[in-house]
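Engineer: According to full-length UniProt numbering, the sequence shown is numbered sequentially starting from 1.
Before I ask anything, here is the structure I am working with.
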Amino acid sequence: MAFCDIRFTWNQRERLHRYVMLGVLVSLVIGMCLFFSGLFVSFTMATRLKLDERNLFEHVFKTLTIYGLYVFVHNLMGLKLCYNYFHYAEGAWMNLRLFVWSLLGSFVVLVGCFMASICFSTAERLAVQFREDLVEGMKRYLTDATWKKRIDKMQIEMQCCGIESSDDWHMTYWLQREFLALDSPDILRYAKLDGRVTPPVVPWSCCRIDVKGPCYHDPLQLPNPEQNSTYESLNARGCLTAMKTVLNGTLYSAAVLIAFLFVLQMNSVKDMTTLSGLDEGDWHYYSEITIREFFDNPNYTTLTVYYVNNLLTVSLYFPIIPVHELTYFVREPQEILRAETFRDRVLFGTMNSKVESHVLTVTQNVLAPIFLEIETWPDNTCVKADFYANMDTFLCNLTDLTYKMLGLTVIYVPREGSNLSDEASADKELVKRLEGVVAHWTTQIRIALSDQEQATPNELLCLQDEYDFWLYRHDNLCGLHYQLQNQTVKRIADFLFSTHSTYVRQFLALKDEIEHGVKEARSNIDFLRILVDPSKDLDKCTELSAIEEHLMDIVHLFRTIWLNSPYYNCHERIENLFKALSNQIIILCRNYVDLNKLFTGNSQKFMEKFYECIDACENYKELYDKIAHAHNSLTNVPWDLNRDNIFQHIDIFIGRCYDMIEICQAMMDFARMDETALSSKPMFGGTKGEERERVCQKIERLFHEALEKIEQNSSKIFDVHHSTWHDEMFAFRNEMKDLEVIIENLVASVFVNLNNVQEGVEDLQAFYSYMNREKLKVLFDAKTAEIWKLFGDDIQQTKQEVLDEREEYLSITPYYAGRALNLLLKGARLQSTREVLEQAMWMPYCSLSEDLYYQHDLLKKSIGDLVADIHSRWIHEVGENPRARLDRFLMRRSDPKSGLLECNIDPNILKVCRETGFWIALKFTIPVHIQIVYDKYIFLFFFSYRVDKVRAKRKRIYRVFAALSMTERELFRELIYQLDRKINPGLNRLTWNTEYVDAYIEDCFNQTANLQEFIDVYKESNQEIVRICEKICDTPMINIKPNHTYSLQELQEEFIKVRYEV
1 MAFCDIRFTW
11 NQRERLHRYV
21 MLGVLVSLVI
31 GMCLFFSGLF
41 VSFTMATRLK
51 LDERNLFEHV
61 FKTLTIYGLY
71 VFVHNLMGLK
81 LCYNYFHYAE
91 GAWMNLRLFV
101 WSLLGSFVVL
111 VGCFMASICF
121 STAERLAVQF
131 REDLVEGMKR
141 YLTDATWKKR
151 IDKMQIEMQC
161 CGIESSDDWH
171 MTYWLQREFL
181 ALDSPDILRY
191 AKLDGRVTPP
201 VVPWSCCRID
211 VKGPCYHDPL
221 QLPNPEQNST
231 YESLNARGCL
241 TAMKTVLNGT
251 LYSAAVLIAF
261 LFVLQMNSVK
271 DMTTLSGLDE
281 GDWHYYSEIT
291 IREFFDNPNY
301 TTLTVYYVNN
311 LLTVSLYFPI
321 IPVHELTYFV
331 REPQEILRAE
341 TFRDRVLFGT
351 MNSKVESHVL
361 TVTQNVLAPI
371 FLEIETWPDN
381 TCVKADFYAN
391 MDTFLCNLTD
401 LTYKMLGLTV
411 IYVPREGSNL
421 SDEASADKEL
431 VKRLEGVVAH
441 WTTQIRIALS
451 DQEQATPNEL
461 LCLQDEYDFW
471 LYRHDNLCGL
481 HYQLQNQTVK
491 RIADFLFSTH
501 STYVRQFLAL
511 KDEIEHGVKE
521 ARSNIDFLRI
531 LVDPSKDLDK
541 CTELSAIEEH
551 LMDIVHLFRT
561 IWLNSPYYNC
571 HERIENLFKA
581 LSNQIIILCR
591 NYVDLNKLFT
601 GNSQKFMEKF
611 YECIDACENY
621 KELYDKIAHA
631 HNSLTNVPWD
641 LNRDNIFQHI
651 DIFIGRCYDM
661 IEICQAMMDF
671 ARMDETALSS
681 KPMFGGTKGE
691 ERERVCQKIE
701 RLFHEALEKI
711 EQNSSKIFDV
721 HHSTWHDEMF
731 AFRNEMKDLE
741 VIIENLVASV
751 FVNLNNVQEG
761 VEDLQAFYSY
771 MNREKLKVLF
781 DAKTAEIWKL
791 FGDDIQQTKQ
801 EVLDEREEYL
811 SITPYYAGRA
821 LNLLLKGARL
831 QSTREVLEQA
841 MWMPYCSLSE
851 DLYYQHDLLK
861 KSIGDLVADI
871 HSRWIHEVGE
881 NPRARLDRFL
891 MRRSDPKSGL
901 LECNIDPNIL
911 KVCRETGFWI
921 ALKFTIPVHI
931 QIVYDKYIFL
941 FFFSYRVDKV
951 RAKRKRIYRV
961 FAALSMTERE
971 LFRELIYQLD
981 RKINPGLNRL
991 TWNTEYVDAY
1001 IEDCFNQTAN
1011 LQEFIDVYKE
1021 SNQEIVRICE
1031 KICDTPMINI
1041 KPNHTYSLQE
1051 LQEEFIKVRY
1061 EV
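See below:
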């Protein structure tokens, strides 16, 4: 069952006939091409080369010839049927003939599928078979005259040589030994191990017929066979290549032509599909498969084409889901369709979602005329009257509904109004029905006349919309005026006027109002037209800063309309113009902000955009106030427009922008979603650090959940008519308050035991991203004050330590420099704390900071003064000539221990040098006379150490010397005397101020070391002698076995043996 039937006019039927004839003619040509292709190959190839195995060859090409003839005859009959159907569609036996012809046409599809598959699979098999037979024929070329004749004929007519090339003759054993002069050396060089000879000779039929000159098909007969132009005079193409060109061309062309028959059937469906927006690229592989299934399988009676989610869908059933538009094809069960008969045998059409229009057309143009012509109504006239009255009411309402959806006012004109006569006035039921129709006309016209504003409360109407509305109103009223000029309408009005109907007087009075409305609309269009171009220029603004350039001109044009328009000079309409301009600015701002990108983390960028939107709206309001003030000052017409009404949407939009700025700030505060700065997640130290970090992660997760709710309702943000946005924002603010409470508790737990300033700054830095929250600023200011109070406590503690530990110093440091270093370390510790505070510029401002910095500066100055005083006292104690203390001999003889030496350097000099080294490290200025002594510090320290080493070695020498006997002492007396002579200058002549004293000390050190080494060798030698003597004493000279009786001879031999062993 079809939804609608498509009926063709004669011109459409003629055009359809031409399309069908064209398809049948193309199929006819295809059949002719297949027939002659198969016939040509069958005769030419079979007569040229009679193969032993020709079964496959004859099967393929003879079947192709028969198939082409079948297609040709079938479509020739189709031409006749198309002609008869066009001229004699209802002739005798026409349906039976068409059925038989379609049934025979179905075999075209089945055999075509078989032939297409055979063509592709046979090409290579025929090529292999040709190759095998050509090889066999070449071998028997000279032994079989029939083969020689056929191959020569083939190579001459097809201008080919060999199978693939002329080299195939060189590799084929076709010249037997009896045809060759085997004693020739030129022949012997081509002999094989098996006795066969394959010289480079080809038959004469390989020669090219277009070469002017001799053909070198037998180069062995030339004087120099190695240098000739043999290949230039021979056919380069092989015979198998020539045959494959003919065979493959025929087979593949046949497959393509058969496929084209299917394409004709596909295009029959595609051409008859009339969906709106249909493009050739929308058809895909699966849709063609479905269409082919519809043609091949007569069990399917329905084919539908429609769009689902912008995807073209072809189905063998009606859709089970609602679709906007549908093209259907319906055939009789078990009916076989072909491309040539498709348009005649199928019921097809297109349906869309506009059901009212279709019902109105069918009822008004098909059913109503039939009902009006019925004369066999019951005797009771009430049935007929009620039916006609209800039908007129139904058509009035349906006409109004159908065209109202299109924005038009169309009246229903009953057909019976065109045949009114004077006698009809006596028909009270007719008069009543016509009065009901006129009353409906009156209602429709009054509604159209009262429609002076756009009833779209939930849309942002712009200046262009206002202009378009008056264009629509003008067209609608003009259409109404034109409909009222209809002769049938006038006839009905005159008829009712003659019956003194009260309805017609109201209807006729509306004509003047329609003319006045047309005049008003035309005047308003003329005045509003001056706003079209400025409005378009305003819409082209891509930057919000450019909006202000156009607002001045547009507002002045509003004043021009206000002061000059005869119909548009009321306050309400001028306020509507300003509201439309406000809406247009809101739309520009809304398009300028892409909320989808905002929620990806670009909070800083979009905060700037929201401020730009606010500035654009505020500039518009400011410009309005300036122009209003100037208007009141320069004209007598008061500017008494309702400002709150004009800027109602603007104020709401500004509030929404501030809401979004608050959300962007929360994104940066709670989720670190700031694209301009790389913010790390909060990190805490100590044993509870991980636990506190998990709390911050929970805060971020809860915020993302709240932000996701905002994103889900993002469509409400800039919708100034949507009041539920306030509920969403209220819920968001409450969730932010909950997060702030969690942060307050976390801050309290972190700062409960604050040990020092550095720890406090690090903990406070972990809360840096939360410091911009207004509700938390008081809390963070209090914690900042606590940190500064810790710094103040450090200052006071340092002051007390300076007073108490003024005389204390480290044991490894000298007296004066050690005390100064102790004071400076205390100041440095306090200075490092101050630097931590100074580097933390992100910390909130605290009023204690200036006073604490001042106290620290005073303390730092006091420490500096104390250290300077210690330094000056040390310089005074050193004296003016510390170098005089170096005028002492290098060594002196020890008083408590006679015979020993001691280092004779002043111990205070070394202390002075140590003090100097520390003061230099503390970057204090050293006087010149002290610096001279300090420059020798390394020398003094090193060589005093070497003197101690010399003294220690000499002490060891004398200790060893004291342990010697008087006789042994004589061995070392001379050496000791020489050592004393070497050391003696350091006892009575050389001082620490003497130049080049280092060479003396080095020489003494070496001399002492040599003597020490000699004594050590002497001691080691004595020890070795003692060890040898002890060994001699312990060595047995006689080894007598116990309880053994020796003879004299045995005893003598045993003594000799033991002696040799020892």
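All C-beta atoms in this analysis are idealised placements derived from N, C-alpha and C, irrespective of residue type, glycine included.
Determine the DSSP secondary structure at residue 1063, reduced to helix, strand or coil.
Structural biologist: A query on residue 1063 cannot be resolved here, the shown segment of the chain reaching from 1 to 1062 and no further.
Engineer: Can at least three beta-carbon pairs, one atom from the region 721 to 736 and one from the region 747 to 758, be found at a separation below 8 Å?
Structural biologist: Output reads no: the region 747 to 758 does not touch the region 721 to 736.
Engineer: Can you say whether Ile1056 is buried or exposed, counting buried as having 16 or more other CB atoms within 10 angstroms of its CB?
Structural biologist: Result: exposed.
Engineer: For Cys664, which residues of its own chain have a beta-carbon under 8 Å away from its beta-carbon, when the five flanking residues on both sides are left out?
Structural biologist: Same-chain partners within the cutoff: Leu598, Ser603, Gln604, Phe606, Met607, Phe610.
Engineer: Please go through the same chain and pick out, in chain order, the residues whose beta-carbon is closer than 6 Å to the beta-carbon of Val346, but skip the five residues on each side of it.
Structural biologist: Closer than 6 Å at Cβ, skipping near neighbours: Phe329, Arg331.
Engineer: Are the beta-carbon atoms belonging to Met21 and Phe130 less than 8 Å from one another?
Structural biologist: Contact flag unset, no.
Engineer: Is it right to say Pro322 is buried, meaning 16 or more other beta carbons lie within 10 angstroms of its own, or is it exposed?
Structural biologist: It counts as exposed.
Engineer: Relative to the alpha-carbon of His631, which residue among Phe653, Arg559, Val1058, Met660 has its alpha-carbon at the smallest distance?
Structural biologist: Residue Arg559 is the option with its Cα nearest to His631.
Engineer: Do you know whose CA, among Gly68, Cys33, Leu28, lies nearest Leu76's CA?
Structural biologist: Closest by alpha carbon: Leu28.
Engineer: Taking contact to mean 3 or more Cβ pairs, one atom from each stretch, closer than 8 Å, check whether the region 461 to 472 and the region 517 to 537 are in contact.
Structural biologist: They touch, by the three-pair rule.
Engineer: Given a threshold of 16 other Cβ atoms within 10 Å of its Cβ, counted over all protein chains shown, does Ala521 qualify as buried or as exposed?
Structural biologist: With 16 or more Cβ atoms within 10 Å of its Cβ, Ala521 is classed as buried.
Engineer: For Ser501, name the three-state secondary structure that DSSP assigns.
Structural biologist: It is coil, neither helix nor strand.
Engineer: Roughly how many angstroms separate the alpha carbons of Leu1051 and Asn1022, rounded to a whole number?
Structural biologist: Straight-line Cα distance between these residues: approximately 38 Å.
Engineer: Measure the Cβ-Cβ separation of Asn235 and Cys215 and say whether it is below 8 Å.
Structural biologist: Not a contact, by the Cβ cut-off of 8 Å.
Engineer: Since Ala616 and Ile585 are thought to touch, with beta carbons under 8 Å apart, how far apart are those beta carbons, to the nearest angstrom?
Structural biologist: Indeed they touch by this definition, with Cβ atoms about 6 Å apart.
Engineer: What is the C-beta distance between Val438 and Val504, in whole angstroms, given that I count them as a contact (C-beta under 8 Å)?
Structural biologist: That belief holds up - the Cβ atoms of Val438 and Val504 are roughly 6 Å apart, short of 8 Å.
Engineer: Mind checking Arg343: buried by the 16 CB within 10 Å criterion, or exposed?
Structural biologist: Classification for Arg343: buried.
Engineer: Could you round the C-beta distance between Gly760 and Leu848 to whole angstroms and report it? I think they count as a contact, below 8 Å.
Structural biologist: Wrong, their Cβ atoms sit about 14 Å apart, outside the cutoff.
Engineer: Check the DSSP bridge columns for Asn352 and list the partner residues they point to.
Structural biologist: Paired residue(s): Glu325.
Engineer: Do you know how far the Cα of Thr301 is from the Cα of Asp5?
Structural biologist: Low local confidence applies: a pLDDT of 41 at Asp5 is under 50, so the model's placement there is unreliable, with the coordinate-based value given in what follows. Those two C-alpha atoms are separated by around 16 Å.
Engineer: Among Glu375, Ile374, Pro298, which residue has its Cα nearest to the Cα of Leu337?
Structural biologist: That would be Pro298, whose Cα lies nearest to the Cα of Leu337.
Engineer: Report, in whole angstroms, the separation of the C-beta atoms of Pro844 and Ala766, which I expect to be a contact under 8 Å.
Structural biologist: The pair is not a contact, with the Cβ atoms about 15 Å apart (cut-off 8 Å).
Engineer: If you follow the beta strand (DSSP E) that Ser315 is in, where does it begin and where does it stop?
Structural biologist: Start and end: 311 to 315.
Engineer: Just to check my reading of the structure: Ser166 and Val135 have Cβ atoms closer than 8 Å, yes? What is that Cβ distance to the nearest angstrom?
Structural biologist: No, Ser166 and Val135 are not in contact; Cβ-Cβ is about 15 Å, not under 8 Å.
Engineer: Based on DSSP bridge pairs, tell me the residues matched to Cys207.
Structural biologist: Looking at the DSSP assignment, Cys207 forms a beta bridge with Leu234.
Engineer: The beta strand (DSSP E) with Thr302 in it runs from where to where?
Structural biologist: Per DSSP, Thr302 belongs to the beta strand (DSSP E) from 302 to 308.
Engineer: Please report how far the alpha carbon of Gly827 lies from the alpha carbon of Gln796, in whole angstroms.
Structural biologist: In a straight line, the C-alpha of Gly827 is about 12 Å away from that of Gln796.
Engineer: In the DSSP assignment, the alpha helix (DSSP H) including Lys737 goes from what residue to what residue?
Structural biologist: From DSSP, the alpha helix (DSSP H) with Lys737 extends over 725 to 750.
Engineer: To which residues does DSSP link Val330 through a beta bridge?
Structural biologist: Note: Val330 sits in a beta bridge opposite Thr302, Leu347.
Engineer: Within this structure, are the beta carbons of Ile411 and Gln364 separated by less than 8 Å?
Structural biologist: No, the pair does not count as a contact, with Cβ atoms beyond the cut-off.
Engineer: With burial defined as no fewer than 16 other Cβ atoms inside 10 Å of the residue's Cβ, what is the status of Phe497: buried or exposed?
Structural biologist: The residue is exposed, with fewer than 16 neighbouring Cβ atoms inside 10 Å.
Engineer: Could you spell out where the alpha helix (DSSP H) holding Leu577 opens and where it closes?
Structural biologist: Unbroken alpha helix (DSSP H) run through Leu577: 571 to 592.
Engineer: How far does the alpha helix (DSSP H) with His649 in it extend, from its first residue to its last?
Structural biologist: 648 to 671 is the extent of the alpha helix (DSSP H) around His649.
Engineer: Just to check my reading of the structure: Ile646 and Phe578 have Cβ atoms closer than 8 Å, yes? What is that Cβ distance to the nearest angstrom?
Structural biologist: So it is a contact: roughly 4 Å between Cβ atoms.
Engineer: Please report how far the alpha carbon of Leu484 lies from the alpha carbon of Val26, in whole angstroms.
Structural biologist: Each residue's alpha carbon lies about 55 Å from the other.
Engineer: To the nearest angstrom, report how far apart Val73 and Thr290 are at their CA atoms.
Structural biologist: Each residue's alpha carbon lies about 29 Å from the other.
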